[in-house]
């Protein structure tokens with residue numbers, strides 16, 4: 012799919028690399044993986060967190076994505092922004108929970 016749209020194999024990786032570099036999420040690590048088991052919905056993006064086993068579902072995912080815990084068909088800047096916004100939102104929610112725990 013990526014080639015038919017004129018994207019190279021590093022397009023998705025580069026999009027998130029740049030968002031991490033320009034954003035306020037220094038602890039986010041970006042890794043390229045060979046297969047997420049959803050080739051028909053590729054390119055896919057999965058999010059993992061050290062406190063959980065496997066990939067996580069995030070606010071901003073469609074119902075189908077949430078069921079598989081993968082963002083599907085991530086091709087455009089709008090797609091990249093949607094995924095990144097979900098990641099940032101997840102980071103903020105966890106930070107808020109940590110703050111609430113400290114207040115108790």
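Numbering (my numbering), first residue to last: 12 to 115.
Think of the CB as a built atom: it goes at the ideal place given N, C-alpha and C, for glycine as much as any other residue.
Option in the options with minimal Cα separation from residue i
i           : options        : result
residue 106 : 38, 21, 17     : 38
residue 51  : 30, 96, 72, 81 : 81
residue 68  : 101, 86, 48    : 101
Residue i versus residue j: straight-line alpha-carbon distance, rounded
i          : j           : result
residue 53 : residue 40  : 21 Å
residue 99 : residue 35  : 8 Å
residue 65 : residue 15  : 31 Å
residue 84 : residue 104 : 25 Å
residue 78 : residue 86  : 20 Å
residue 46 : residue 20  : 13 Å
Extent of the continuous alpha helix (DSSP H) to which residue i belongs
i          : result
residue 22 : 22-33
residue 74 : 74-79
Could you tell me whether the region 58-76 touches the region 18-33, where touching means 3 or more Cβ pairs closer than 8 Å? No contact exists between the region 58-76 and the region 18-33.
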